[in-house]
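In my numbering, the protein residues as written are 110 to 223.
All C-beta atoms in this analysis are idealised placements derived from N, C-alpha and C, irrespective of residue type, glycine included.
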């Protein structure tokens with residue numbers, strides 16, 4: 110069996126209390142908004158399938174998103190709908206793309222359905 114590069118004893122520099130304290134300060138510090146306009150959110154469901162959605166507008170606790178199956182479909186979700194998802198990836202979508210999809214699904218500049 111080939112030799113693996115796994116140490117036989119604990120690392121000398123591992124579990125450094127100062128490093129751990131700095132890391133915890135970042136974890137427990139203020140966070141940006143979880144979801145933003147232009148986020149392309151991929152979430153997983155129990156059947157193992159991954160589903161994408163693109164956030165086009167946020168008004169308080171209401172989100173205008175699109176699902177896409179070759180055509181964009183406007184769906185209105187609440188913050189609790191999104192918070193309940195098992196999010197596996199968030200990518201940023203450019204402003205031009207968001208504006209294009211807003212026009213395609215009939216959202217005007219103020220975020221109201223046309």
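Check: Would a C-beta distance cut-off of 8 Å place residue 202 and residue 186 closer than the cut-off?
Finding: no
Check: Under three-state DSSP, which class holds residue 147?
Finding: coil
Item checked: Inter-residue spacing [alpha-carbon to alpha-carbon] between residue 141 and residue 114 -> 39 Å
Notebook entry, point to check: Opposite residue 174 in the DSSP bridges: which residues?
Noted result: 164, 184
Next item on the list: Note the first and the last residue of the continuous alpha helix (DSSP H) segment covering residue 127.
Entry: 126–137
Notebook entry, point to check: Under a three-way DSSP split, which group does residue 216 fall into?
Noted result: Under the three-state reduction of DSSP output, residue 216 falls in the strand class.
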